[in-house]
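If you count the sequence shown from 1, you need to add 140 to reach my numbering.
C-beta: ideal position from N, C-alpha, C; glycine also.
This structure is a prediction, so every number in the text was calculated from the model and none was measured.
This report refers to the structure that appears directly beneath it.
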Amino acid sequence: MSKYDALFEDEDDIFTGTPQSKFLDAMRNANTQIVDDELDKIIEKYAIMELILSENKDESFDINKILDEYALKNSDKVHEMKKSLYIEFTGEVIQRLDS
Numbered sequence: 141m142s143k144y145d146a147l148f149e150d151e152d153d154i155f156t157g158t159p160q161s162k163f164l165d166a167m168r169n170a171n172t173q174i175v176d177d178e179l180d181k182i183i184e185k186y187a188i189m190e191l192i193l194s195e196n197k198d199e200s201f202d203i204n205k206i207l208d209e210y211a212l213k214n215s216d217k218v219h220e221m222k223k224s225l226y227i228e229f230t231g232e233v234i235q236r237l238d239s
């Protein structure tokens, strides 16, 4: 259970849209410096996770294949995690708008 599950019980009433659409709205309306910084944080987080997954693997290790297989076998979990991450990232952008 993710930390944002309660928000998904009736997401359309809370967000007037999906977590993805609210994230994109926030990104489109934020200062470009905020958007640049937040996208850099997301890419850095992704890079760290990819490096962790690739540690101690030989050069034949295909991370994209592993990710595709995992997504196929765990599509519901991946979908819920994506919603949580969209909400988390939207919160980060909105928090910076207020400061």
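Inter-residue CB distance, residue i and residue j (contact presumed, cutoff 8 Å)
| i | j | result |
| --- | --- | --- |
| Phe229 | Ile182 | 7 Å |
| Val233 | Ile192 | Not confirmed; about 26 Å, so no contact. |
| Ile206 | Glu190 | Contact doesn't hold; Cβ gap of about 10 Å is too wide. |
Residue i - containing alpha helix (DSSP H), residue span
| i | result |
| --- | --- |
| Asp216 | 215 to 238 |
| Lys162 | 159 to 169 |
| Ser194 | 172 to 194 |
Reference residue i, options the options, closest by Cα
| i | options | result |
| --- | --- | --- |
| Arg236 | Ser194, Lys213, Thr172 | Thr172 |
The stretch 156 to 174 in contact with the stretch 218 to 227 per 3-pair CB rule at 8 Å: yes
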